[in-house]
Amino acid sequence: MKPIIFCDFDGTITETDNIVSLMTQFVPEESEKIATAMMEQTITFKDGISAMFELLSTKQKDDVIHYLLNTAIIRKGFGDFVRFAQEKHIPFYIVSGGVDFFIEPLLEKYGPFSGIYCNSADFSGQQIKLVFPNGCDEECTKFETQGCGCCKPSVMRQVAHSNHFKIVIGDSLSDFEAAKQADLVLARDHLIKRCKDLHLPYESFETFYDCLEVVKKLMEADKAVSM
Numbered sequence: 033m034k035p036i037i038f039c040d041f042d043g044t045i046t047e048t049d050n051i052v053s054l055m056t057q058f059v060p061e062e063s064e065k066i067a068t069a070m071m072e073q074t075i076t077f078k079d080g081i082s083a084m085f086e087l088l089s090t091k092q093k094d095d096v097i098h099y100l101l102n103t104a105i106i107r108k109g110f111g112d113f114v115r116f117a118q119e120k121h122i123p124f125y126i127v128s129g130g131v132d133f134f135i136e137p138l139l140e141k142y143g144p145f146s147g148i149y150c151n152s153a154d155f156s157g158q159q160i161k162l163v164f165p166n167g168c169d170e171e172c173t174k175f176e177t178q179g180c181g182c183c184k185p186s187v188m189r190q191v192a193h194s195n196h197f198k199i200v201i202g203d204s205l206s207d208f209e210a211a212k213q214a215d216l217v218l219a220r221d222h223l224i225k226r227c228k229d230l231h232l233p234y235e236s237f238e239t240f241y242d243c244l245e246v247v248k249k250l251m252e253a254d255k256a257v258s259m
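Note that this note's numbering has the sequence shown beginning at 33, numbered continuously upward.
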């Protein structure tokens, strides 16, 4: 089987969750209530993130973009990890519940990637409105509500083949369902607990050098995932 990588962005490629950072900076009290409801899963991820961005005026667009592009820190080893995947011809997809206006410029110097799947921002009205081009397919458990926003399991089903060894890299709520579809999860933060609770195969990581070592060992030691 051939490895294929599906990697989250906020809190995974970046050291902190950019949406949390943004909301804490601009609308801390209002957004905290929404974030709590999302973590408790009393509202869907899609509804929660939509409500958060609707707290922001489109007049704040330049301030929001400037803040994120100047505060986001890329996790150590990411560039080397991407280059390794490129050299070994490992498909590498960014699949994120974050938003294009900060994800794409922050990733630009590291590409090309096999694909970037994320949400989009509409600045045409008075409040920032999110657009969700990567919705749930019929196999998703949240298909009826389309509650995932950017549905990571649906993206995985769309691009992965039966001969792929699926590696999911992530940290939190938006990665929970994707982790269930993975052959191996590289996890940090909240995703580690979820993997333990569900007995999913995982390795923890702090930097992408850790991820690099795991993938190298897989390719060297297991013919099932070698090139």
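C-beta atoms are modelled at their ideal positions from N, C-alpha and C, and glycine is treated no differently.
Can you tell me the Cα-Cα spacing of residue i and residue j, whole angstroms?
i, j, result
"Glu64", "Thr56", "8 Å"
"Phe240", "Tyr142", "13 Å"
"Phe58", "Leu88", "8 Å"
"Phe134", "Pro233", "31 Å"
"Ile122", "Pro60", "40 Å"
"Phe85", "Thr74", "18 Å"
"Ile37", "Ile105", "21 Å"
"His231", "Lys120", "30 Å"
"Gly130", "Tyr149", "9 Å"
"Asp132", "Gln190", "20 Å"
"Leu139", "Tyr99", "16 Å"
"Asp229", "Pro35", "25 Å"
"Ser128", "Asp95", "22 Å"
"Lys225", "Phe208", "10 Å"
"Asn166", "Ala153", "13 Å"
Can you list, in chain order, the residues of its chain with a C-beta nearer than 6 Å to that of residue i? Leave out the 5 residues immediately preceding and following it.
i, result
"Gly202", "Asp40, Thr44 and Leu223"
"Phe145", "Phe124 and Ile126"
"Asp215", "Phe197 and Lys198"
"Gln213", "Pro185 and Met188"
"Gly80", "Ile66 and Met70"
"Ser82", "Leu162"
"Gly147", "Tyr125"
Under 8 Å Cβ to Cβ from residue i, same chain only, skipping five residues before and after it: list those, please.
i, result
"Leu244", "Gly109, Asp112, Phe113 and Phe116"
"Lys93", "Phe155 and Ile160"
"Ile97", "Phe133 and Phe134"
Would residue i and residue j be called neighbours here (beta carbons separated by less than 7 Å)?
i, j, result
"Val247", "Glu235", "no"
"Asp221", "Ser204", "yes"
"Cys182", "Lys174", "no"
"Arg107", "Glu171", "no"
"Phe237", "Leu250", "no"
"Val200", "Ala192", "no"
For residue i, I'd like the list of residues in its chain whose CB is within less than 7 Å of its CB, leaving aside the five on either flank, ordered along the chain.
i, result
"Pro137", "Leu101"
"Glu62", "Leu87"
"Thr103", "Ser53"
"Phe164", "Lys78, Asn151, Gly181 and Cys182"
"Gly157", "Thr90"
"Thr118", "In the sequence on display, residue 118 carries Gln and not Thr. Hits under 7 Å: none found."
Cβ of residue i versus every heavy atom of the ligand COA: is any distance shorter than 6 Å?
i, result
"Tyr99", "Within the structure as shown, the ligand COA is missing, as the structure has no ligands at all."
Query raised in the report: Which runs of the alpha helix (DSSP H), 4 residues or longer, sit entirely within the segment 135-212?
Result: Runs of the alpha helix (DSSP H) inside the segment 135-212: 184-191 and 208-212.
**Report entry** 4-residue-minimum alpha helix (DSSP H) runs that sit fully inside the segment 100-128, ordered along the chain
**Finding:** 110-119
Requested in this report: Report the residue ranges of all beta strand (DSSP E) runs contained in full by the segment 219-255; include only those spanning at least 3 residues, in chain order.
Outcome: List check, beta strand (DSSP E) in window: 234-236.
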